[in-house]
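If you want it as structure tokens, here you go:
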């Protein structure tokens, strides 16, 4: 096994490579993409290819005797055998479909195996500027701060992640949906982020409690994240993937500040949650609006939960969800927002949705367009379902 000084050097060089590639991804994220298909819904872009070349060239300059396995190289030239030699396993852009659609769960994943053992892991999301790192026996970190897996031991309080995969045959889809249906009776809720590596890191830092995926793309999806997850106190199990067969099972302004702190959680239903942050934010929003518009009406999620439904009238009425995505907030999953709408004569007229974790502000005024951080936005022009990214939610009211 390499000495600690060598491992630290390996990590340092890998982080440099990930951040350099991340800058390419960040720039490309907001531009038009040239998309090719590796399968019916499995995509690749010029950014995937450019980033893999960039990462390999950077690593080879420092470690010319090492071996290299990359997703795009494998797709072009076929599988490469994993040996006992130090081997860099790279996914230059994990979450390509997210990248194509501008959905901010994309990352560079770099893993180093030595004697077939995952030893160094780097996963970098350049859109959220989150750098996950780990060295075997040295712990796991997010932007330099130590991370640990969740201590949650009850499935019904757990946030589970999975992925749909890229196969679309009926047998695979029936198996996947039946499995999800079964699990939804046992967990709090389920998420699909679109990135295997980021799901592993989500478990590592306690945002997610569990993650499973069947039929994922290859070792590049997990080589970096597996080290990070194990070093965070989690366990990885895959009976089919040669380099991970020795491991077993796995054991959250006001919102932004609360996101990284322990929460006091109450239940409005079996899995419908509310925290002190929901209540504090609704009071804060209502007090602010009432100072400016004392004659207006107000309807809030938490007020309604406490006092019962309020009738919508023709009067100007502010309708507020102070923390939309409370389950995400509790688990530290960064899709949370403040939602404020104004109706006039029962017609939605003004809308504001703000995600303080991603710092994304969506606004709209009836007849005047919609904006993201001040820039005009439009819906996709995609007309083919097979090229579409679909989102839905699990109903959090259980019979």
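Numbering (this note's numbering), first residue to last: 552 to 950.
From the three backbone atoms N, C-alpha and C, an ideal C-beta is built for every residue, glycine too.
Fair warning: this is a prediction, and the values are worked out from it, not measured in the lab.
For a quick check, are the C-beta atoms of residue i and residue j less than 8 Å apart?
i           : j           : result
residue 870 : residue 850 : yes
residue 771 : residue 642 : yes
residue 636 : residue 652 : no
residue 605 : residue 571 : yes
residue 671 : residue 562 : yes
residue 678 : residue 659 : no
residue 734 : residue 751 : no
residue 779 : residue 684 : yes
residue 830 : residue 853 : yes
residue 580 : residue 650 : yes
residue 756 : residue 714 : no
residue 661 : residue 565 : yes
residue 716 : residue 727 : yes
residue 602 : residue 576 : yes
residue 941 : residue 648 : no
residue 718 : residue 775 : no
Apart from the five residues on each side of it in sequence, which residues of its chain come closer than 6 Å, Cβ to Cβ, to residue i?
i           : result
residue 903 : 891 and 914
residue 510 : Nothing can be reported for residue 510, as the shown portion of the chain is limited to 552 through 950.
residue 682 : 675 and 694
residue 875 : 888 and 890
residue 569 : 659, 661, 673 and 675
residue 791 : At residue 791, the pLDDT of 40 sits below 50, so the modelled position is not reliable; the number obtained from the coordinates is stated separately. So no residue of the chain qualifies.
residue 923 : 913
Leaving out five residues on either side along the sequence, give the residues of the same chain with a beta carbon under 7 Å from the beta carbon of residue i.
i           : result
residue 944 : none
residue 709 : 703, 738, 739, 760 and 761
residue 794 : Residue placement at residue 794 cannot be trusted, given a pLDDT of 36 that sits under 50; what the coordinates show is reported in the next sentence. The answer, listed in chain order, is 633, 664, 667, 669 and 770.
residue 858 : none
residue 861 : 850 and 855
residue 920 : 927
residue 613 : 564
Grab the span of the beta strand (DSSP E) containing residue i for me, first residue to last.
i           : result
residue 685 : 681-686
residue 888 : 888-895
residue 874 : 868-875
residue 690 : 690-693
residue 922 : 921-923
Report the partner residues of residue i according to the DSSP bridge assignment.
i           : result
residue 916 : 901
residue 761 : 711
residue 639 : 619 and 663
residue 580 : Partner(s): none; residue 580 has no beta bridge.
residue 906 : 911
residue 595 : 587
residue 848 : 868
residue 742 : 712
residue 927 : 922
residue 697 : 692
residue 645 : 658
With a cut-off of 8 Å on the beta carbons, I'd call residue i and residue j a contact; round off their distance for me.
i           : j           : result
residue 758 : residue 646 : Between residue 646 and residue 758 the Cβ distance is about 16 Å, and since that is not below 8 Å, they are no contact.
residue 669 : residue 777 : 5 Å
residue 873 : residue 889 : 6 Å
residue 754 : residue 673 : Their Cβ separation, rounded to whole angstroms, is 17 Å, which puts residue 754 and residue 673 out of contact at 8 Å.
residue 827 : residue 815 : 5 Å
residue 901 : residue 893 : 4 Å
residue 868 : residue 847 : 7 Å
residue 909 : residue 927 : The pair is not a contact, with the Cβ atoms about 19 Å apart (cut-off 8 Å).
residue 654 : residue 745 : 6 Å
residue 622 : residue 768 : 7 Å
Grab me the residues of residue i's own chain with a C-beta within less than 8 Å of its C-beta, minus the 5 sequence neighbours each way, in chain order.
i           : result
residue 898 : 917
residue 697 : 690 and 691
residue 688 : 782
Ends of the alpha helix (DSSP H) at residue i?
i           : result
residue 676 : From DSSP, residue 676 is part of no alpha helix (DSSP H) but of the beta strand (DSSP E) over 668-676.
residue 731 : 721-735
residue 783 : Residue 783 -> no alpha helix (DSSP H), and no H or E assigned at all.
residue 942 : Here residue 942 belongs to no alpha helix (DSSP H), and DSSP marks it neither H nor E.
residue 754 : 747-755
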